[in-house]
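Mapping the sequence shown onto numbering that gives the first Met the number 0, position 134 (from 1) lands on 133, and the numbers just tick up by one.
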Amino acid sequence: MSSTLLISDLHLHPGAPDVTEGFLGWLERRARGVDALYILGDFFEAWIGDDLLDHADQDPSGTGKLALRVAAALRRLNDEGTQIYLMHGNRDFLLGHRFASACGAKLVTDPAVLRFADEPVLLMHGDSLCTRDEAYMTFREQARNQAWQEQVLAMPLADRLQLAAALRQQSGEATSNKAEDIMDVTPEEVVRTMRDYGVTTLIHGHTHRPAVHELEVGDLPARRIVLGDWQPGKGWEIEIGPDGDPTLREIAL
């Protein structure tokens, strides 16, 4: 029986080994044998360039060694027949083809429209829907700029590590000072995006607010399904079976 799994917001990093072990166990126990696995962004807490894979021993943060282990596990899954797809998030927007290749995965654009049981489904990370957070949207535009990315990737590894740490600190401080509704999606932007892509089902992560929201898009019933973030002992997945109907569930790790 064919099926597709979708996950998001694992925020893997060396300081959270329980999440890493939970994910690797989930791959063996749950993901083996499925047709496809989609990881919808923020796979890593921070990513400073694919050259981490080549210089893991020089990375004092430990992210490089963690990435090698994770890539090897995904490669084994792919070798067994599961197609793996990676989407950029707001934390790992510098993930590139070198890492994807090491995983046996393909990078997919954000947004991406897929068809399940001949029905279109829109996949996103979700950060572009949070338009009320004007400060973040300004940063997002910069971070997705190819020239800016090339400038960052040209920096020495040590400087990029410092930049990543600074960005994480700034993000944490900014988040603590923002109203809850600003950090959530803008309802009007959700409807506009779904209408523009001609879909009545949207799946995304980013907000860490797992739920199934019923709405209307062009007088048609629609739904927005939000994946949750992964924590020690707990994660979230969406499974889409042959009937094309997505099921959101909390999973024990």
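By construction, the Cβ of each residue, glycine as well, lies at the ideal position given by its N, Cα and C atoms.
Here the structure is a predicted model, which is why all the values come from computation and not from measurement.
Check	Outcome
Would residue 192 pass as a contact of residue 130 if the rule is Cβ separation under 8 Å?	no
Check whether the stretch 58-69 touches the stretch 111-129, counting contact only when three or more Cβ pairs, one atom from each stretch, lie closer than 8 Å.	no
Between which two residues does the beta strand (DSSP E) containing residue 238 stretch?	233-239
Taking Cβ positions, are residue 245 and residue 200 nearer each other than 8 Å?	yes
Which same chain residues end up closer than 6 Å to residue 89 when comparing Cβ atoms and leaving out the 5 residues on each side of it in sequence?	126
Quick one: is residue 86 buried, meaning 16 or more other Cβ sit within 10 Å of its Cβ, or exposed?	buried
Would you call the CB atoms of residue 26 and residue 18 closer than 8 Å?	no
Only counting runs of 3 or more residues, tell me where the beta strand (DSSP E) segments fall wholly within the stretch 147-214, in order along the chain.	200-203
Given residue 197, which residues of its chain have a CB within under 6 Å of its CB, disregarding the five upstream and five downstream residues?	none
What would DSSP say about residue 62, mapped onto helix, strand or coil?	helix
Compute the Euclidean distance between the alpha carbons of residue 228 and residue 5, then round it to the nearest angstrom.	12 Å
Under 8 Å between the Cβ atoms of residue 160 and residue 98?	no
Measure the alpha-carbon distance for residue 221 versus residue 205 and round it to whole angstroms.	20 Å
Compare the beta carbon distance of residue 212 and residue 194 with 8 Å and say whether it is the shorter of the two.	no
Alpha carbon to alpha carbon, how far is residue 128 from residue 187? Give it in angstroms, no decimals.	9 Å
On the CB-based measure, 16 or more other CB atoms within 10 Å of its CB, does residue 96 come out buried or exposed?	exposed
In whole angstroms, give me the CA-to-CA distance for residue 247 and residue 155.	41 Å
Do you know offhand how far residue 59's Cα is from residue 93's?	19 Å
On the three-state DSSP scale, how would you describe residue 69?	helix
So, are the CB atoms of residue 21 and residue 234 less than 8 Å apart?	yes
Under DSSP, the beta strand (DSSP E) around residue 248 begins and ends at which residues?	245-251
Please report the distance separating the alpha-carbon of residue 163 from that of residue 219.	43 Å
Work out the CA separation of residue 208 and residue 69 for me, nearest whole Å.	25 Å
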